[in-house]
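In what follows, a single structure is set out as structure tokens and then discussed.
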Amino acid sequence: MNVVVMGGGAAGFLAAITCAEAKTGGRVVILEKGSKVLAKVRVSGGGRCNVTHACFEPALLAQSYPRGGRALLGPFHYFQPRDIVEWFKARGVALKTEPDGRIFPTTDKSETIVNALTHAAKEAGVAVRAGIAVASVARAASSRFVITLNSGETISCDRLLLATGSGPQGYELARGLGHAIEQPVASLFTFNISDARLKDLAGISVPLAQLKIEETKLKQTGPMLITHWGLSGPAVLKLSAWGARTLHALGYRARLRVNWLGISAEEAARQIGSFKASNPKKLIVASCPFDLPRRLWERLVTAAGLEPNRAWANLSKVEAERLKDQLTGGTYDISGKSPFKEEFVTCGGVNLGEVDFKTMESKLCPGLYFAGEILDIDGVTGGFNFQSAWTTGWLAGRAMAAPLR
Ligand SMILES: Cc1cc2nc3c(=O)[nH]c(=O)nc-3n(C[C@H](O)[C@H](O)[C@H](O)COP(=O)(O)OP(=O)(O)OC[C@H]3O[C@@H](n4cnc5c(N)ncnc54)[C@H](O)[C@@H]3O)c2cc1C
């Protein structure tokens with residue numbers, strides 16, 4: 011029995027290794043279109059590779075996937091973050107958990123992960139062919155797949171795994187074999203915002219911002235970072251993931267309401283009132299009642315229309331209201347998106363209803379399997395995207411090693 015894995019990324023490698031390690035006697039080949047395998051692993055996590063996330067409860071883990079969480083719930087009972095940590099450990103790679111739950115190799119080098127995967131593939135006898143251009147895939151009458159390369163060479167196999175990530179050819183091949191593709195659109199991006207309140211404040215962050223996209227139900231809470239182009243940080247990235255489809259439909263132009271304090275407007279008003287009462291002589295611009303970076307506070311005070319020499323005692327009711335509004339409900343116009351340099355993914359892909367998540371086999375085309383980002387699955391940032399590639403790759407690899415029916 012021969013197995014071909016199309017795509018030498020995280021999902022394809024784990025699948026091929028798992029299948030070959032089962033030693034069922036068949037040949038396992040990875041066909042990779044690029045000149046090098048595991049290209050995304052190499053650049054992932056800012057060159058450190060955020061392998062997975064320290065979340066070991068399947069139901070909780072599944073909640074980190076704006077698309078695909080429900081389908082992954084079962085698979086996470088078979089192969090979850092604990093399993094991939096063990097998998098690498100068994101192959102000599104030590105991993106460490108950072109305070110926010112992200113898991114990296116202790117070397118802080120993605121090369122460590124690339125080397126472990128390529129070494130394990132070699133040990134298991136997986137044949138890796140890079141720089142391969144596939145012209146077509148057809149299903150022969152014998153139920154075998156016939157893969158024709160651009161060079162004219164043909165390769166036939168009993169089982170075929172499509173693990174081509176978000177590459178368009180993978181979607182086309184899946185479509186050609188009968189599958190529906192949910193429209194691919196970007197997920198995990200930062201917001202481009204040009205606003206005087208943010209100008210020259212790049213690098214400033216707040217620990218708990220509350221964000222809302224006006225005229226939608228999209229909301230998110232968490233740390234936020236001001237960048238040269240607008241806003242980023244966990245709250246923005248999560249909002250972009252959960253809102254990927256809505257924001258795409260809006261052409262990435264929307265109005266973002268920002269609460270910089272993470273407390274209610276009423277509570278902010280109360281704290282402004284009591285600070286005013288106990289610090290009447292202090293200048294407003296120079297004394298902030300909240301745990302907010304000084305330069306950001308100065309900008310918000312200016313945006314509320316307060317002069318720089320105004321003392322707290324002279325803050326009128328209307329001005330206090332304006333200040334509270336800037337702090338807890340200012341609006342910012344999103345004019346576009348930028349990729350988050352450490353991690354970005356595509357949502358959309360092979361329709362999940364057409365795949366058996368016990369085996370990752372197609373329900374429409376026996377012998378065809380899917381794993382990784384080609385599926386309509388994507389996670390928030392933090393190692394969740396690789397985890398879905400490991401989990402689906404492992405399941406597919408195990409199933410492809412089973413004897414032919
Ligand atoms: C810059 C960046 C950083 C990231 N960092 C992280 C991170 O730290 N943690 C995390 O969890 N996620 C991260 N991600 C997301 C993560 O890389 C992907 O979710 C993951 O790589 C998906 O794995 P995959 O094997 O499905 O697809 P890929 O890794 O995309 O692999 C697919 C492979 O298939 C090949 N291919 C495509 N078409 C064909 C074809 N027709 N024939 C043969 N081969 C083909 C491609 O060349 C590629 O090598 C990052 C993404 C980016 C872009």
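Counting from 11, one number per residue, gives the positions in the sequence shown under our numbering. Positions of the beta carbon are idealized from the N, C-alpha and C atoms, including for glycine.
When C-beta atoms of the segment 208-222 are compared with those of the segment 371-378, fewer than three pairs fall below 8 Å, so the two segments do not count as touching. In the structure shown, Gly359 adopts extended strand secondary structure according to DSSP, grouped into three states.
By the criterion of a C-beta distance shorter than 7 Å, Arg112 is surrounded in its chain by Asn60, His63, Gly392, Gly393, once the five residues flanking it on both sides are discounted. Assigned with DSSP and collapsed to three states, Ile223 falls in strand. In summary, Asn160 is exposed, with fewer than 16 beta-carbon neighbours lying within 10 Å of its beta-carbon over all protein chains present. Nearest to Ala259 by alpha-carbon distance, out of Val195, Val136, Lys229, is Val195. In this structure, the beta-carbon distance from Ser398 to Leu82 falls below 8 Å. Secondary structure remark: continuous beta strand (DSSP E) runs of at least 3 residues inside the segment 119-177, in chain order: 137-139, 144-149, 155-159, 164-167, 169-172. Asn60: not part of any alpha helix (DSSP H); DSSP gives it neither H nor E.
Per the DSSP secondary-structure output, Ser242 pairs in a beta bridge with Leu235.
Ser372 is bridged by DSSP to Val365. In this structure Leu198 touches Phe354 by the C-beta definition: roughly 5 Å separates them, less than 8 Å. For Ser398, the secondary structure class from DSSP, reduced to helix, strand or coil, is helix. Secondary structure within the segment 253-335: the beta strand (DSSP E) runs of 3 or more consecutive residues, fully enclosed, are 264-269 (chain order).
Closer than 7 Å to some heavy atom of ligand 1: that does not describe the Cβ of Gln90. Between Asn361 and Leu385, the alpha-carbon positions lie close to 7 Å from each other. Annotated three-state conformation of Gln90 is coil, per DSSP. Taking each of Leu187, Lys347, Leu316, Pro68 in turn and checking the Cα distance to Arg332, the smallest one comes out for Leu316. Burial check for Lys132: the Cβ neighbour count within 10 Å stays below 16, so the residue is exposed. With a beta-carbon spacing of about 16 Å, Asp168 and Met370 fall beyond the 8 Å limit used to define contacts. Contact annotation, Thr200 with Thr237: C-beta distance approximately 6 Å; criterion of less than 8 Å satisfied.
Counting along the chain, Ile27 sits inside the alpha helix (DSSP H) bounded by residues 20-31. Taking 8 Å as the cut-off, the beta carbon of Asp110 is found no closer than this to the beta carbon of Arg58. Per DSSP, Leu198 lies in no beta strand (DSSP E) and is assigned neither H nor E. Of the residues assessed, Asn395 falls on the buried side of the cut-off, its CB having 16 or more other CB atoms within 10 angstroms.
Exclusion of Gln73 from the 7 Å shell around ligand 1 follows from its C-beta lying no nearer than that to any non-hydrogen atom of the ligand. Per DSSP, the beta bridge partners of Leu41 are Met16, Arg139. At a cut-off of 7 Å, the beta-carbon of Ala26 does not count as near ligand 1: no heavy atom of the ligand is closer than that. In the assembly as shown, Pro349 is an exposed residue. Its beta-carbon has fewer than 16 other beta-carbons within 10 Å. Taken through DSSP and simplified to helix, strand or coil, Thr341 comes out as strand. Relative to the non-hydrogen atoms of ligand 1, the Cβ of Gly346 never comes closer than 7 Å to any of them. The continuous beta strand (DSSP E) containing Pro115 extends over residues 112-115. Counting along the chain, Leu71 sits inside the alpha helix (DSSP H) bounded by residues 68-72. Ranked by Cα distance from Gly35, the first of Gly79, Pro299, Lys227, Gly135 is Gly135. Between the segment 241-249 and the segment 274-291, the count of C-beta pairs closer than 8 Å stays below three; the two stretches do not touch.
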